[in-house]
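*Asks:* All letters in the sequence shown, in the order written, are residues 1 to 151 by this note's numbering. All C-beta atoms in this analysis are idealised placements derived from N, C-alpha and C, irrespective of residue type, glycine included.
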Amino acid sequence: MRRRFVQFLADSGHGLEISSRLLSGCLVLLFIGSVGLAQKSTGDILGTVTDASGSVVPGVKITLTNEETQDKRDTTTNAVGEYRFPFVPIGTYSLKAEREGFKAVIVNQLILHVNDFRRQDFTLQVGEASQSVAVTATVESVNAENPTLGG
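(1) Per DSSP, what are the beta-bridge partners of N115 in this structure?
(2) Is E100 near the ligand ADP, judged by its Cβ being under 7 angstroms from some heavy atom?
(3) CB L64 to CB V88, shorter than 8 angstroms?
(4) Should G47 and R119 be called a contact, given that it needs their Cβ atoms to be closer than 8 angstroms?
(5) Please classify A79: is it buried, with 16 or more other beta-carbons within 10 angstroms of its beta-carbon, or exposed?
(6) Please identify the residue among D51, K61 and F117 whose C-alpha is closest to the C-alpha of K96.
(7) Which residues in the same chain as V126 place their Cβ atom closer than 8 angstroms to its Cβ, once the five residues preceding and following it in sequence are excluded?
(8) Assign R99 to one of three DSSP states: helix, strand, or coil.
(9) Take E82 and list the residues in its own chain whose beta-carbon comes closer than 6 angstroms to its own, dropping the five residues that flank it on each side.
(10) Which term fits V105, buried or exposed, when burial requires 16 or more other beta carbons within 10 angstroms of its beta carbon?
(11) Quick one: what does DSSP say E145 is sitting in, helix, strand or coil?
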């Protein structure tokens, strides 16, 4: 039956019309989707975890918490001590890095803006996991008045 329908469309000339409409519809959907991606209101938070000697520390649990909603996301550092939280909604966050044999490190007031790639590295100190070190994130200022380097 499907073959007959396709043959009917080919014989009647309607197949080309349907194909062009289908193509037009797909292009419209593609355009709408790309506009939506350009309007993203997220950023990425990433970093590297090292110990006091500067060696990378794999297997560290990193917890990202939205300070307003208390929503949490977890990840673990890879073999070279790196972590990444992609597509994080803008807002204020805290990050906690913890691994057995090290003191936990907590960074508060980490502000994420639209399209930010915010780097937050951690240096872990040897100690018990029940001990923690609290740090307040520093905000890097951007000079929007003068576009030259160093000025």
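*Replies:* Inspection of the coordinates gives the following:
(1) The partner list for N115 (beta bridge, DSSP) is empty, contrary to what the question assumes.
(2) The ligand ADP is absent from the structure shown, which contains no ligand whatsoever.
(3) yes
(4) yes
(5) exposed
(6) K61
(7) D51, A52, G101, F102 and K103
(8) coil
(9) T48
(10) buried
(11) Because the pLDDT at E145 is just 43, under 50, the model does not fix this residue reliably, and the point stays unresolved.
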